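Student:
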Amino acid sequence: MTEGNFVDYVKLFVSSGNGGKGSIHLHREKFITKGGPDGGDGGRGGHIIIKANKQLWTLYTFKFKKHFSAGHGGDGSKNRSSGEQGKDEIIEVPLGTVVRNTTTNEVLFEITEANQEKILLKGGLGGRGNWHFKSATRQTPRYAQPGIEGATIQITLELKVLADVGLVGFPNAGKSTLLATLTSAKPKIADYEFTTLKPNLGIVNYRDYRSFVMADIPGIIEGAAEGKGLGHYFLRHIERNSILLFVIPADTKDLKAEFEILFNELKKYNPELLDKQYMVVLSKADLLDDELKKEYIKEMKTLFAELPHLIISSATKFHLTELKDALWNLLTVKK
Ligand SMILES: Nc1nc2c(ncn2[C@@H]2O[C@H](COP(=O)(O)OP(=O)(O)OP(=O)(O)O)[C@@H](O)[C@H]2O)c(=O)[nH]1
Ligand SMILES: [Mg+2]
29 MTEGNFVDYV KLFVSSGNGG KGSIHLHREK FITKGGPDGG DGGRGGHIII
79 KANKQLWTLY TFKFKKHFSA GHGGDGSKNR SSGEQGKDEI IEVPLGTVVR
129 NTTTNEVLFE ITEANQEKIL LKGGLGGRGN WHFKSATRQT PRYAQPGIEG
179 ATIQITLELK VLADVGLVGF PNAGKSTLLA TLTSAKPKIA DYEFTTLKPN
229 LGIVNYRDYR SFVMADIPGI IEGAAEGKGL GHYFLRHIER NSILLFVIPA
279 DTKDLKAEFE ILFNELKKYN PELLDKQYMV VLSKADLLDD ELKKEYIKEM
329 KTLFAELPHL IISSATKFHL TELKDALWNL LTVKK
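Every position in the sequence shown, counted from 1, becomes a number in our numbering once 28 is added.
#1: Considering only DSSP beta bridges, list what glutamate 120 is partnered with.
#2: For alanine 179, I'd like the list of residues in its chain whose CB is within less than 6 Å of its CB, leaving aside the five on either flank, ordered along the chain.
#3: Which of the three DSSP states, helix, strand or coil, is assigned to valine 35?
#4: Regarding glycine 251 and ligand 1, is the C-beta to nearest heavy atom distance less than 7 Å?
#5: Under DSSP, the alpha helix (DSSP H) around aspartate 244 begins and ends at which residues?
#6: Do phenylalanine 262 and ligand 1 come close, with the Cβ less than 7 Å from some heavy atom?
#7: Is there contact here, the region 148-166 with the region 59-75, by at least three beta-carbon pairs under 8 Å?
#8: Please state whether the Cβ-Cβ distance between valine 42 and isoleucine 181 is less than 8 Å.
#9: Kindly indicate which residue of Ile276, Asp318, Leu316 has the alpha-carbon position closest to the one of histidine 337.
#10: Run the proximity test for serine 342: is its beta-carbon closer than 7 Å to any non-hydrogen atom belonging to ligand 1?
#11: How about isoleucine 266 and proline 199: do their beta carbons lie closer than 8 Å?
#12: Since lysine 203 and aspartate 244 are thought to touch, with beta carbons under 8 Å apart, how far apart are those beta carbons, to the nearest angstrom?
#13: Within the chosen definition, does the region 159-171 reach the region 117-127 through at least 3 CB pairs nearer than 8 Å?
#14: How would you write the range of the beta strand (DSSP E) that leucine 195 sits in, first residue to last?
#15: Measure the C-alpha to C-alpha separation of phenylalanine 240 and leucine 123 and round it to an integer number of angstroms.
#16: What is the rounded straight-line gap between the Cα of lysine 352 and the Cα of glycine 257?
#17: Here's the rule I'm using: 16 or more other beta-carbon atoms within 10 Å means buried, otherwise exposed. How should methionine 29 be labelled?
#18: Smallest Cα separation from phenylalanine 34: which of Ala252, Met307, Lys226, Leu359?
#19: DSSP state of leucine 355, grouped into three classes?
#20: Report, in whole angstroms, the separation of the C-beta atoms of aspartate 192 and methionine 242, which I expect to be a contact under 8 Å.
#21: Going by CA-CA distance only, name the one from Gly47, Val126, His55 that's closest to glycine 99.
#22: With DSSP collapsed to three states, give me the class of leucine 235.
#23: With a threshold of 7 Å, establish whether the CB of threonine 209 neighbours any heavy atom of ligand 2.
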């Protein structure tokens with residue numbers, strides 16, 4: 029799947045730095061023949077650090093770079109001077125990145141906040157120089173500790189899009205068109221199913237310079253939770269959205285049934301999704317004449333009495349301001 033630059037799953041090899049060797053050195057100076065031990069400590073190896081970068085939206089950069097190594101610590105030297113610390117390697121990832129150990133599949137941590145930083149792999153400790161090992165009975169120790177080696181592991185980065193609003197609907201419902209109309213995103217739009225193969229993100233500018241992030245994902249069909257269509261792979265992207273916006277096209281065969289299928293697929297995939305806030309829109313309202321419009325308004329009132337709902341059209345921009353208002357209200361009520 030190569031639509032756009034959206035990459036949401038990568039495997040990387042990371043190695044932290046080795047600790048430097050402790051030094052074995054005996055102090056020498058003019059006129060001092062028997063100086064004591066003065067070998068300094070090795071520097072610690074560099075850590076591998078994972079850091080949030082909120083300007084990033086995908087794991088695209090890792091398509092080309094998959095190996096990361098931190099620097100090794102320098103060796104200790106005379107005059108108790110410590111070796112330099114190995115350079116830390118900082119790997120920047122988008123918010124919403126889940127970091128796993130590939131071998132054990134264990135989730136190590138998730139990056140969810142701006143500027144969050146986590147040490148993924150510690151650099152090896154530097155060895156202690158010989159001056160530490162001086163004792164009453166051993167005046168000139170001729171050994172020092174070696175540095176501890178860094179470690180290498182394989183990690184899997186998986187991105188779960190962190191958008192405020194996630195669009196959920198059957199293929200062809202008009203999700204991408206809505207995203208393209210409300211934001212400057214340019215998702216592919218076409219009159220066939222599964223036009224969208226990867227999530228798209230856009231920023232909705234709201235009144236007075238406020239904004240929120242909207243994401244569209246590939247269409248969901250019955251059986252998606254069990255792996256039908258593209259559903260399963262992408263449902264994880266809505267796990268992190270604050271609001272789910274159900275998009276049902278006005279030319280649907282059955283409004284109620286379509287909503288229920290979508291709702292059930294989400295529930296089967298992850299029941300916790302049901303704790304989110306929802307809103308339902310009937311899209312493509314320009315396809316309806318006035319009479320049908322009235323009927324749908326009535327039907328939605330009955331079906332979705334508890335939920336915020338609207339009839340909209342991306343084509344004519346009908347009710348789009350109302351939609352933004354409603355989404356903003358939901359977002360701010362929750363916060
Ligand atoms: N008349 C009308 N057609 C629309 C409207 N919104 C979208 N469409 C059309 O519906 C078709 C599907 O639109 P998309 O936005 O690609 O639908 P999608 O839900 O993203 O579809 P997938 O990516 O396949 O899941 C396209 O031919 C659009 O031009 C609308 O408001 N009015
Ligand atoms: Mg689409």
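Don't be surprised by glycine CBs; every beta carbon is placed ideally from N, CA and C. Source: prediction; values computed, not measured.
Tutor: So, from the data block:
#1: Lys79
#2: Ser44, Leu149
#3: coil
#4: no
#5: First-last for aspartate 244: 238-244, but that is the beta strand (DSSP E), not the alpha helix (DSSP H).
#6: no
#7: yes
#8: yes
#9: Ile276
#10: yes
#11: no
#12: 4 Å
#13: no
#14: 193-196
#15: 15 Å
#16: 30 Å
#17: Any reading at methionine 29 needs caution, since the residue's pLDDT is 34, under 50, leaving its predicted position unreliable; the model's value is listed next. Its Cβ having fewer than 16 others within 10 Å, methionine 29 is exposed.
#18: Lys226
#19: helix
#20: 7 Å
#21: Gly47
#22: In the sequence on display, residue 235 carries arginine and not leucine. Three-state result, arginine 235: helix.
#23: no
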